[in-house]
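Chains as they are written, first to last, in the numbering used here: chain Y, 1 to 307; chain C, 1001 to 1300.
Just so it is clear, CB atoms sit at the ideal spot from N, CA and C, and this is done for glycine as well.
The structure displayed is predicted, hence computed values, not measured ones.
Here's the structure, in structure tokens; my notes come after.
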Amino acid sequence: MSSSGFSTPQSYKRRLREFKEFVIKSILFICAASSVLITLGVVWTLVVEAIPFFGEVTLGQFIFDKEWTPLFENAQFGILNLVSGTVLTTLIALSVAIPLGTITAVFLSEYASEKVREIFKPILEMLAAVPTVVYGYFAMLFVTPMLQKIIPEISSFNALSAGLVMGIMIIPYISSLSEDAMRAVPHYLREGSLALGASKFQTSFRVVLPSAFSGVASAYILGISRALGETMVVAIAAGLQPRLSFNPLESTQTITAFIVQVSLGDLPHGSIGYKSIYVSGLVLLIFTLVFNLIGQRIRSNMEKKYK
Amino acid sequence: MKNQHVEYLKRQDSIFWFIGLITMAFAMITLFSLVVDMAITGWPRITAEFFTSFPSRFPEKAGILSAWVGSLCVVFVTAIISIPIGVASGIYLEEYAAKNIFTKVIEINILNLAAIPSITFGLMALGIFVYKMDLGQTIITAGLTLGLLILPIIIVTTREAIRTIPAHIREASYSLGATKWQTIWNHILPYSSGGVMTGVVIALSRAIGETAPLITVGALTFIAFLPSSPIIEHVPYISMKWLSDPYTVMPIQMFNWVSRPQEEFHVNAAAAGLVLLTMTLVLNAAAIYIRYRFRRKYKW
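As structure tokens, this is what we get:
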């Protein structure tokens, strides 16, 4: 009877199988949990390597110094010079990407036919697939000369062309997430609006867009994160001159471009240059994380509202 | 009066239709002018020698041999690291994870991970891989860095692919006595492999184009030699020494050429950019093709 082949809870075969299942589950869990380790690793390294920096520089210097010249003889550590460059290029990029990305999303989700969408979506995705260093080349050697024809006094490295190109680069990030959110809006909302006599335009912008707002907001937040953290375009096209100014025609330096500039040189472990890139990296990380937390807060609030 | 308003609304609609088309056209023109501008500048340099020579002080002699070999090596290491971990994480989160605080933390974390600037991954890698683990500025460091960077993309696409498989497939498998892992291995994974592969290819194409984190971990820009060969003449015939060799990759070589003042080097940069762009676009086209094939193969 016992050799019938059925496995009972006591049988050796069955216990072996359960053990195997448990081992596999544990391995999979470790893999999934390792992603948390990566985040902790990033935050921990940045904090640990940045702390010694404040042994040499006071927080007052860090915020109020007039210039950012950590590698010079008379070093100054005014981080605001780098922050202003980062904010400036990000603002320029967003002023391109948010309007164009939103229009694209509305157009693809509400106006375009299935066929039109099938053609345009892959092209937009290609915009996101182009390596950033190629965009840097494009900004410096195509957009800047073009801008120079229009605005002769523009410097050959400038925040404007880097920002514009960055903006085009992040259109697909904004448009595809927003479009997904808008297409998830239930059809009866549209039909209700149209039945009350609203036009397509009114329905899109007063019904669909607000209902999809949580998704659209996270798309914007992702776009902001991309723009803040974008490196190669600004390192190539925006120049290497940290300055506290919001003139888009001048050269400027972002946090990311500074990290690249220092990393290209010789960088002994523990030198002030080494510490300064970790401090600026930490500032950048705090910026992005704050934006992401705001985004998640907006999303959860909206989700409660539109349940 | 009423009619006028309706007319106005209709006009508004067609104007927006037009604006949408212009926006699309703008994106297309940008992509087009980027490719054409680079092709016009770089095409004369695309010769056999360009692929088979090392970088040089003389722009007309310089080539991308060490760069494309380096890119292949780094992407290989990246794939080995990120594909198993990424797919396993995706499976765990979709199939096993209980709805508890752990899962929630992991999920929020993956969302945030995708938003962390890539250059801070480079800083992390510089602190941990280069100095703490003393791996140096080598192919293995670069592969690890990029592997961690693209992990979230692979996890998210794996989850999406698994989610499209209907529950009745699982139920059928369980009812025949299969265990959870047997169900995953024999059914879930094969059926979702199209989506998973699409995600992997897109993630790897991102890794090929990624520059910033590799600059911070210290990829050298002037490498006039190749990594050592993985095949050697004596037992065991396979050598892992190439993992600890210095390297350069395509985007860094291009960055190096772009940031030089001489215009001759910009021509080289355009040519390198053209090669790089072709690599990433071919990978993306492959991803679209895979998605299309699998969508036709499995219909629920």
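Around the beta carbon of S271/Y, fewer than 16 other beta carbons lie within 10 angstroms, which makes this residue exposed.
Nearest neighbour of M302/Y by Cα position, chosen from T252/Y, A217/Y, L282/Y, turns out to be A217/Y. In this structure, T1103/C keeps its C-beta atom at 8 angstroms or more from the C-beta atom of I1150/C. Residues of the region 1124-1142 of chain C whose Cβ lies closer than 9 angstroms to any Cβ of chain Y, in chain order: M1124, A1125, L1126, G1127, I1128, V1130, Y1131, K1132.
Within the region 37-90 of chain Y, the complete alpha helix (DSSP H) runs of at least 4 residues fall at 53-56, 59-64.
It is roughly 53 angstroms from the alpha-carbon of R1296/C to the alpha-carbon of I154/Y. The beta carbon of L127/Y lies closer than 6 angstroms to those of P172 in the same chain, with the five residues before and after it left out. Between L160/Y and L141/Y, the C-beta spacing is not below 8 angstroms. CA-CA distance, L37/Y to R190/Y, rounds to 44 angstroms. In this structure, A219/Y keeps its C-beta atom at 8 angstroms or more from the C-beta atom of I168/Y. For the options N74/Y, L82/Y, V48/Y, L71/Y, the alpha carbon positioned closest to that of I63/Y is the one of L82/Y.
In chain order, T104, I171, P172, S175, S176 place their CB closer than 8 angstroms to the CB of L124/Y, counting only its own chain and leaving out the 5 sequence neighbours on each side. Every unbroken stretch of the alpha helix (DSSP H) spanning 4 or more residues and falling wholly within the region 1248-1283 of chain C is given here in chain order: 1250-1258. Taken through DSSP and simplified to helix, strand or coil, D1013/C comes out as helix.
Residues are counted here when their Cβ sits less than 7 angstroms from a Cβ of chain Y; for the region 1255-1269 of chain C these are F1255, V1258, S1259, H1266, A1269, given in chain order. In the displayed model, V279/Y falls within a helix according to three-state DSSP.
Under the DSSP assignment, G1063/C falls outside any alpha helix (DSSP H); it carries neither an H nor an E label.
Beyond the five residues adjoining it in sequence on each side, A139/Y comes within less than 6 angstroms, by CB distance, of S161, A162, V165, V233, A237 in the same chain, given in chain order.
Going by DSSP, Q261/Y is part of the alpha helix (DSSP H) stretching over 255-264. For the 8 angstroms CB-CB criterion, V1258/C and Y137/Y form a contact.
The Cβ of L16/Y sits no closer than 8 angstroms to any Cβ of chain C.
Counting the other CB atoms within 10 Å of its CB gives Q10/Y a total below 16, which places it among the exposed residues.
The Cβ of V36/Y sits closer than 8 angstroms to at least one Cβ of chain C. Within the same chain, and ignoring the five residues on either side of A1270/C in sequence, the residues whose Cβ sits closer than 6 angstroms to its Cβ are M1038, T1041, G1042.
Per DSSP, reduced to three states, the secondary structure at I221/Y is helical.
For the options L1283/C, H1234/C, I1223/C, the alpha carbon positioned closest to that of N1256/C is the one of I1223/C. With respect to T8/Y, G1127/C sits apart: the two C-beta atoms are not nearer than 8 angstroms. The C-beta distance from G281/Y to I1119/C rounds to 7 angstroms, short enough to fall under 8 angstroms. In this structure, DSSP gives G1070/C a helical state, which the three-state scheme calls helix. For V1196/C and V1087/C, the gap between their C-alpha atoms comes out near 8 angstroms.
For the region 135-151 of chain Y, the set of positions with a beta-carbon nearer than 9 angstroms to some beta-carbon of chain C reads Y135, G136, Y137, F138, M140, L141, F142 in chain order. Taking the Cα positions, L59/Y is about 38 angstroms away from P1246/C. Straight-line spacing of the CA atoms in Q1182/C and V87/Y works out to 52 angstroms. In terms of Cα proximity to P1084/C, the closest of P1227/C, L1189/C, V1275/C is L1189/C. Counting only the Cα atoms, A1125/C lies some 12 angstroms from T39/Y.
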